[in-house]
Amino acid sequence: MTATPGRRSDYFAFRTMPTRWFDNDVYGHMNNALHYQFFDTAVNAPLVERELLDPATSPTIFLVVESGCRYFAPLGFPQDITAGLRVAKLGRSAVTYELGLFGGDAEVAAAEGHFVHVNVDRETNRPAPIPDQLRAYLEDLRMV
1 MTATPGRRSD YFAFRTMPTR WFDNDVYGHM NNALHYQFFD TAVNAPLVER
51 ELLDPATSPT IFLVVESGCR YFAPLGFPQD ITAGLRVAKL GRSAVTYELG
101 LFGGDAEVAA AEGHFVHVNV DRETNRPAPI PDQLRAYLED LRMV
């Protein structure tokens, strides 16, 4: 991640989500912890929608082992937020996602973050290879 915010064109997949009145803190902008909820939805919703992950029954699941966020501009209610997503690194059992949060139609990210997901066996919590169909989806989001 860079010290300057990225642009929409730096990302490959997008999801727009509304903010809620509850998201604002006493300072009048979105509480910083909520950025991670937007990241989590942007990463996991496409996996569930494409039936690549069923949180209740899949034999393997993803665990977040690292995350981070840089904040560049405030976000808050009432505002739609678009999360941009890309894969920075794809290993045998781990994937590093990079995400940008954009307020409204902004071209420059208000926040950028990363998630490292490790695919693990549901029963043992030991790393497991990323299934082929899921790997193909992640490859489509991979930075070149």
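In full-length UniProt numbering, the protein residues as written are 1 to 144. Virtual Cβ for every residue (Gly too), placed ideally from N, Cα, C.
Cα-Cα separation, Phe39 to Ala83: So the alpha carbons of these two residues sit roughly 7 Å apart.
For Val65, tell me which candidate among Met30, Val43, His117 and Arg142 has the shortest Cα-Cα distance. When only C-alpha atoms are compared, the closest one is His117.
Going by the beta-carbon positions, is the gap between Gly28 and Gly76 smaller than 8 Å? Judged by their CB atoms, Gly28 and Gly76 are nearer to each other than the 8 Å cut-off.
Assuming Phe115 and Ser67 are in contact, meaning their beta carbons sit under 8 Å apart, how far apart are those beta carbons, in whole angstroms? Confirmed, Cβ separation roughly 5 Å.
For Pro74, collect the residues of the same chain with a Cβ closer than 6 Å to its Cβ; drop the 5 residues on either side in sequence, then sort them by chain order. Cβ contact annotation for Pro74 (same chain, cutoff 6 Å, sequence separation greater than five): His29, in chain order.
Where do the ends of the alpha helix (DSSP H) carrying Pro18 lie? For Pro18, there is no enclosing alpha helix (DSSP H); the enclosing beta strand (DSSP E) has its first and last residue at Ala13 to Pro18.
From Ala136, Gln79 and Leu63, residue whose alpha carbon lies closest to that of Pro18: Each of Ala136, Gln79 and Leu63 was checked against the Cα of Pro18, and the nearest Cα belongs to Gln79.
Taking Ala56 as part of the beta strand (DSSP E), name the residues at either end of that continuous run. For Ala56, there is no enclosing beta strand (DSSP E), since its DSSP letter is neither H nor E.
Selected residue, minimal CA-CA separation from Pro5, among Gly103, Val26 and Ala94: That would be Gly103, whose Cα lies nearest to the Cα of Pro5.
Integer Cβ distance of Asp121 from Thr41, believed to fall under 8 Å: The pair is not a contact, with the Cβ atoms about 25 Å apart (cut-off 8 Å).
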